[in-house]
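To start, the structure itself, in C-alpha coordinates.
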Amino acid sequence: MLVGRQPSSSRIWPSGGAHVWPPGGTSSVQSHQRGHLVYAARGVLSVHTEGGTSIVPANRVAWTPAGFTHQHRAHGHTDMRIVFLPASLARLVPERPAVFLASGLAREVLLALTGPRRRDRAASARLRRVLVDELREADEQPLQLPEPRDDRLQAIARILYERPADNTPLAELGRTIGASARTLSRLFHDELGMTFHEWRTQLRIYHALVLLADGHTTTHVANACGWANPSSFIAAFSALIGTTPGRYRTG
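Mapping to UniProt numbering: the sequence shown position 179 is 179, numbers consecutive.
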(Lines of atoms letter the chains of each structure in order from A and count residues from 1; the text may use other names and numbers.)
(Lines give C-alpha, C1' and ligand atoms only; values in the text may rest on other atoms or scores of the structure.)
Protein backbone atom coordinates (compact mmCIF):
# COMPACT_ATOMS: atom_id res chain seq x y z
CA MET A 1 0.00 0.00 0.00
CA LEU A 2 1.31 3.43 -0.87
CA VAL A 3 2.24 5.80 1.92
CA GLY A 4 0.20 9.00 1.86
CA ARG A 5 0.88 12.38 3.38
CA GLN A 6 3.28 12.34 6.30
CA PRO A 7 2.71 13.89 9.78
CA SER A 8 2.98 17.66 9.95
CA SER A 9 4.61 17.29 13.37
CA SER A 10 5.76 14.38 15.54
CA ARG A 11 7.05 13.74 19.04
CA ILE A 12 8.45 10.25 19.70
CA TRP A 13 9.95 8.70 22.81
CA PRO A 14 10.56 5.06 23.89
CA SER A 15 7.16 4.53 25.54
CA GLY A 16 4.95 6.41 23.09
CA GLY A 17 4.51 9.40 20.86
CA ALA A 18 2.20 11.88 19.16
CA HIS A 19 1.66 12.63 15.48
CA VAL A 20 -0.37 15.48 14.02
CA TRP A 21 -1.63 14.27 10.65
CA PRO A 22 -3.11 16.23 7.75
CA PRO A 23 -6.29 14.81 6.18
CA GLY A 24 -5.40 11.63 4.33
CA GLY A 25 -2.13 11.12 6.19
CA THR A 26 -1.09 7.47 6.10
CA SER A 27 1.64 5.62 7.96
CA SER A 28 3.82 2.95 6.46
CA VAL A 29 2.80 -0.68 6.86
CA GLN A 30 4.61 -1.79 10.01
CA SER A 31 4.68 -3.98 13.10
CA HIS A 32 6.24 -3.48 16.53
CA GLN A 33 7.87 -5.66 19.14
CA ARG A 34 5.55 -4.18 21.77
CA GLY A 35 1.80 -3.82 21.64
CA HIS A 36 0.45 -0.28 21.50
CA LEU A 37 -2.66 1.79 22.03
CA VAL A 38 -3.69 4.58 19.68
CA TYR A 39 -6.13 7.39 20.42
CA ALA A 40 -7.36 10.29 18.30
CA ALA A 41 -7.42 13.37 20.51
CA ARG A 42 -8.82 15.14 17.44
CA GLY A 43 -10.08 13.78 14.13
CA VAL A 44 -10.68 10.14 13.20
CA LEU A 45 -8.20 7.30 12.73
CA SER A 46 -8.59 4.04 10.91
CA VAL A 47 -6.35 1.09 11.76
CA HIS A 48 -5.87 -1.42 8.96
CA THR A 49 -4.81 -5.00 9.74
CA GLU A 50 -5.18 -8.24 7.83
CA GLY A 51 -8.46 -8.75 9.69
CA GLY A 52 -10.08 -5.57 8.43
CA THR A 53 -10.33 -1.85 9.09
CA SER A 54 -11.14 -0.57 12.58
CA ILE A 55 -12.52 2.95 12.90
CA VAL A 56 -11.26 4.92 15.89
CA PRO A 57 -13.16 8.14 16.62
CA ALA A 58 -12.44 10.27 19.67
CA ASN A 59 -14.44 8.11 22.10
CA ARG A 60 -12.56 4.91 21.25
CA VAL A 61 -9.05 3.60 21.83
CA ALA A 62 -7.52 0.92 19.60
CA TRP A 63 -5.17 -1.84 20.73
CA THR A 64 -2.72 -3.55 18.35
CA PRO A 65 -0.71 -6.41 19.92
CA ALA A 66 2.98 -6.96 19.30
CA GLY A 67 3.83 -8.47 15.94
CA PHE A 68 0.61 -7.53 14.14
CA THR A 69 1.17 -5.83 10.80
CA HIS A 70 -0.87 -2.64 10.64
CA GLN A 71 -1.26 0.77 9.04
CA HIS A 72 -2.86 3.99 10.32
CA ARG A 73 -4.80 6.51 8.26
CA ALA A 74 -6.01 9.94 9.38
CA HIS A 75 -9.38 11.37 8.37
CA GLY A 76 -9.57 15.10 8.86
CA HIS A 77 -6.88 16.94 10.81
CA THR A 78 -5.96 14.29 13.36
CA ASP A 79 -3.98 14.39 16.60
CA MET A 80 -2.88 10.79 17.10
CA ARG A 81 -1.49 9.63 20.45
CA ILE A 82 0.45 6.38 20.93
CA VAL A 83 1.19 4.46 24.14
CA PHE A 84 3.34 1.30 24.08
CA LEU A 85 2.65 -1.26 26.79
CA PRO A 86 5.28 -3.44 28.45
CA ALA A 87 4.70 -7.20 28.21
CA SER A 88 3.55 -7.34 31.84
CA LEU A 89 0.58 -5.08 31.01
CA ALA A 90 0.02 -6.27 27.44
CA ARG A 91 -0.85 -9.74 28.72
CA LEU A 92 -3.86 -8.23 30.53
CA VAL A 93 -5.54 -7.10 27.30
CA PRO A 94 -6.61 -9.19 24.30
CA GLU A 95 -4.07 -11.04 22.16
CA ARG A 96 -5.79 -9.69 19.04
CA PRO A 97 -6.50 -6.18 17.75
CA ALA A 98 -9.40 -4.60 19.64
CA VAL A 99 -11.23 -1.30 19.99
CA PHE A 100 -12.51 -0.16 23.39
CA LEU A 101 -14.92 2.50 24.50
CA ALA A 102 -12.67 5.10 26.14
CA SER A 103 -13.88 6.36 29.53
CA GLY A 104 -13.25 9.93 30.56
CA LEU A 105 -10.46 8.75 32.87
CA ALA A 106 -8.85 6.65 30.12
CA ARG A 107 -8.85 9.64 27.76
CA GLU A 108 -7.26 11.90 30.39
CA VAL A 109 -4.57 9.30 31.16
CA LEU A 110 -3.81 8.88 27.45
CA LEU A 111 -3.44 12.64 27.07
CA ALA A 112 -1.27 12.85 30.20
CA LEU A 113 1.04 10.07 29.00
CA THR A 114 1.46 11.66 25.57
CA GLY A 115 1.43 15.34 26.45
CA PRO A 116 4.39 17.74 26.46
CA ARG A 117 5.08 17.29 30.17
CA ARG A 118 7.68 14.59 30.76
CA ARG A 119 7.14 12.33 33.77
CA ASP A 120 9.61 10.05 35.49
CA ARG A 121 9.43 6.32 34.85
CA ALA A 122 7.60 5.49 38.06
CA ALA A 123 4.85 8.06 37.43
CA SER A 124 4.41 6.93 33.83
CA ALA A 125 4.27 3.28 34.92
CA ARG A 126 1.50 4.10 37.42
CA LEU A 127 -0.50 5.90 34.74
CA ARG A 128 -0.15 3.00 32.33
CA ARG A 129 -1.46 0.61 34.98
CA VAL A 130 -4.47 2.88 35.55
CA LEU A 131 -5.07 2.98 31.80
CA VAL A 132 -4.99 -0.81 31.45
CA ASP A 133 -7.32 -1.18 34.45
CA GLU A 134 -9.79 1.16 32.72
CA LEU A 135 -9.60 -0.81 29.48
CA ARG A 136 -10.15 -4.12 31.27
CA GLU A 137 -13.37 -2.67 32.71
CA ALA A 138 -14.45 -1.16 29.38
CA ASP A 139 -16.68 -2.77 26.81
CA GLU A 140 -15.15 -3.62 23.49
CA GLN A 141 -16.81 -1.33 20.96
CA PRO A 142 -15.62 -2.48 17.55
CA LEU A 143 -16.34 -0.30 14.57
CA GLN A 144 -14.80 -2.65 12.10
CA LEU A 145 -15.21 -3.15 8.39
CA PRO A 146 -14.08 -6.74 7.81
CA GLU A 147 -12.14 -7.14 4.59
CA PRO A 148 -13.92 -9.57 2.24
CA ARG A 149 -11.82 -12.28 0.65
CA ASP A 150 -14.33 -13.67 -1.83
CA ASP A 151 -14.08 -12.01 -5.26
CA ARG A 152 -17.83 -11.42 -5.40
CA LEU A 153 -17.92 -9.64 -2.04
CA GLN A 154 -14.85 -7.63 -3.00
CA ALA A 155 -16.66 -6.43 -6.12
CA ILE A 156 -19.64 -5.25 -4.05
CA ALA A 157 -17.33 -3.64 -1.51
CA ARG A 158 -15.61 -1.65 -4.26
CA ILE A 159 -18.96 -0.33 -5.51
CA LEU A 160 -20.08 0.79 -2.06
CA TYR A 161 -16.71 2.20 -0.99
CA GLU A 162 -16.95 4.52 -3.97
CA ARG A 163 -20.69 5.23 -3.56
CA PRO A 164 -21.69 4.82 0.11
CA ALA A 165 -25.06 6.49 -0.58
CA ASP A 166 -25.97 3.79 -3.13
CA ASN A 167 -29.24 2.16 -2.01
CA THR A 168 -29.25 -0.54 -4.70
CA PRO A 169 -30.73 -3.77 -3.23
CA LEU A 170 -28.42 -6.73 -2.79
CA ALA A 171 -30.25 -8.72 -5.50
CA GLU A 172 -29.60 -5.99 -8.06
CA LEU A 173 -25.97 -5.61 -7.00
CA GLY A 174 -25.67 -9.35 -7.40
CA ARG A 175 -26.95 -9.22 -10.95
CA THR A 176 -24.20 -6.75 -11.88
CA ILE A 177 -21.50 -9.16 -10.67
CA GLY A 178 -23.17 -12.46 -11.56
CA ALA A 179 -24.22 -13.79 -8.15
CA SER A 180 -27.60 -14.38 -6.53
CA ALA A 181 -28.78 -12.48 -3.46
CA ARG A 182 -29.01 -15.80 -1.59
CA THR A 183 -25.38 -16.65 -2.37
CA LEU A 184 -24.19 -13.17 -1.39
CA SER A 185 -26.21 -13.20 1.85
CA ARG A 186 -24.60 -16.52 2.78
CA LEU A 187 -21.15 -15.16 1.99
CA PHE A 188 -21.69 -12.05 4.12
CA HIS A 189 -22.78 -14.26 7.02
CA ASP A 190 -20.13 -16.96 6.67
CA GLU A 191 -17.14 -14.78 5.75
CA LEU A 192 -17.82 -11.45 7.50
CA GLY A 193 -20.09 -12.54 10.33
CA MET A 194 -22.83 -10.03 9.57
CA THR A 195 -25.69 -9.36 7.22
CA PHE A 196 -25.35 -7.19 4.13
CA HIS A 197 -27.45 -4.50 5.84
CA GLU A 198 -25.18 -4.53 8.91
CA TRP A 199 -22.04 -4.34 6.78
CA ARG A 200 -23.38 -1.48 4.66
CA THR A 201 -24.43 0.40 7.80
CA GLN A 202 -20.89 0.02 9.23
CA LEU A 203 -19.48 1.28 5.94
CA ARG A 204 -21.78 4.31 5.98
CA ILE A 205 -20.96 5.16 9.58
CA TYR A 206 -17.27 4.96 8.67
CA HIS A 207 -17.82 7.52 5.89
CA ALA A 208 -19.99 9.61 8.19
CA LEU A 209 -17.19 9.85 10.77
CA VAL A 210 -14.80 11.03 8.07
CA LEU A 211 -17.21 13.69 6.80
CA LEU A 212 -18.01 14.91 10.33
CA ALA A 213 -14.28 15.16 11.04
CA ASP A 214 -14.04 17.40 7.97
CA GLY A 215 -16.70 19.72 9.43
CA HIS A 216 -19.77 18.81 7.35
CA THR A 217 -23.25 19.25 8.80
CA THR A 218 -25.42 16.37 9.99
CA THR A 219 -27.87 16.90 7.12
CA HIS A 220 -25.13 16.87 4.51
CA VAL A 221 -23.56 13.72 5.99
CA ALA A 222 -26.93 11.93 6.15
CA ASN A 223 -27.55 12.62 2.47
CA ALA A 224 -23.99 11.77 1.42
CA CYS A 225 -24.09 8.43 3.22
CA GLY A 226 -27.45 7.21 1.96
CA TRP A 227 -29.94 7.88 4.75
CA ALA A 228 -33.40 9.04 3.71
CA ASN A 229 -33.48 11.75 6.36
CA PRO A 230 -31.31 13.14 9.19
CA SER A 231 -33.42 11.46 11.89
CA SER A 232 -32.69 7.98 10.54
CA PHE A 233 -29.00 8.82 10.31
CA ILE A 234 -28.89 10.19 13.87
CA ALA A 235 -30.53 7.02 15.20
CA ALA A 236 -28.11 4.70 13.37
CA PHE A 237 -25.08 6.82 14.28
CA SER A 238 -26.05 7.02 17.96
CA ALA A 239 -26.62 3.26 18.16
CA LEU A 240 -23.07 2.53 16.96
CA ILE A 241 -21.06 5.49 18.28
CA GLY A 242 -22.88 6.16 21.54
CA THR A 243 -23.51 9.85 20.91
CA THR A 244 -25.28 11.98 18.32
CA PRO A 245 -23.48 13.31 15.23
CA GLY A 246 -23.85 16.89 16.49
CA ARG A 247 -22.33 16.12 19.88
CA TYR A 248 -19.60 14.05 18.27
CA ARG A 249 -18.66 16.85 15.87
CA THR A 250 -18.46 19.48 18.62
CA GLY A 251 -16.98 17.21 21.27
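Each residue gets a CB set at the ideal place from its N, CA and C atoms; glycine is no exception.
These numbers come from a predicted model, not from an experiment.
> Among Gly-43, Ala-125, His-70, which has the Cα closest to the Cα of Pro-57?
Replying inline: Residue mapping note: residue 57 aligns to position 57 of the sequence shown, counting from 1. Ranking Gly-43, Ala-125, His-70 by Cα distance to Pro-57 puts Gly-43 first.
>> Comparing C-alpha positions only, which one of Val-99, Cys-225, Gly-246 sits nearest to Gly-215?
In response: One-based indexing of the sequence shown puts residue 215 at position 215. Nearest C-alpha to Gly-215: Gly-246.
> When the Cα atoms are used, what is the spatial distance from Thr-69 to Ser-31?
Replying inline: The residue labelled residue 69 in the question sits at position 69 within the sequence shown. The residue labelled residue 31 in the question sits at position 31 within the sequence shown. In this structure, the alpha-carbon of Thr-69 lies about 5 Å from that of Ser-31.
> Candidates Gly-24, Ala-90, Thr-217, Val-47: which alpha carbon is nearest Gln-33's?
Replying inline: Taking the first residue of the sequence shown as position 1, residue 33 is located at position 33. Of Gly-24, Ala-90, Thr-217, Val-47, the residue nearest in Cα terms is Ala-90.
> Within this structure, are the beta carbons of Ser-54 and Arg-73 separated by less than 8 Å?
Replying inline: What you label residue 54 is simply residue 54 of the sequence shown in a count that begins at 1. What you label residue 73 is simply residue 73 of the sequence shown in a count that begins at 1. At a Cβ-Cβ threshold of 8 Å, Ser-54 and Arg-73 do not count as neighbours.
> Contact check, Leu-145 vs Gln-202 under 8 Å by CB: the rounded distance?
Replying inline: For the purposes of this step, residue 145 is identified with residue 145 of the sequence shown, where counting begins at 1. For the purposes of this step, residue 202 is identified with residue 202 of the sequence shown, where counting begins at 1. Contact holds; Cβ gap of about 6 Å.
> Quick one, are the C-beta atoms of Ala-208 and Val-221 less than 8 Å apart?
Replying inline: To locate residue 208, count along the sequence shown from 1; it is residue 208. To locate residue 221, count along the sequence shown from 1; it is residue 221. Cβ atoms of Ala-208 and Val-221: closer than 8 Å.
> Considering only residues of the region 104-190, which uninterrupted alpha helix (DSSP H) runs meet the minimum length of 4 residues and lie entirely inside it, listed in chain order?
Replying inline: Counting only runs of 4+ residues, the alpha helix (DSSP H) found wholly inside the region 104-190 occupies 104-114, 121-137, 151-162, 170-177, 181-187, in chain order.
> How should Val-29 be labelled, buried or exposed, when 16 other C-beta atoms within 10 angstroms of its C-beta is the threshold for buried?
Replying inline: As a working mapping, residue 29 is identified with position 29 in the sequence shown. With fewer than 16 Cβ atoms within 10 Å of its Cβ, Val-29 is classed as exposed.
> When the Cα atoms are used, what is the spatial distance from Glu-191 to Asp-150?
Replying inline: The residue labelled residue 191 in the question sits at position 191 within the sequence shown. The residue labelled residue 150 in the question sits at position 150 within the sequence shown. Going from the Cα of Glu-191 to the Cα of Asp-150 covers about 8 Å.
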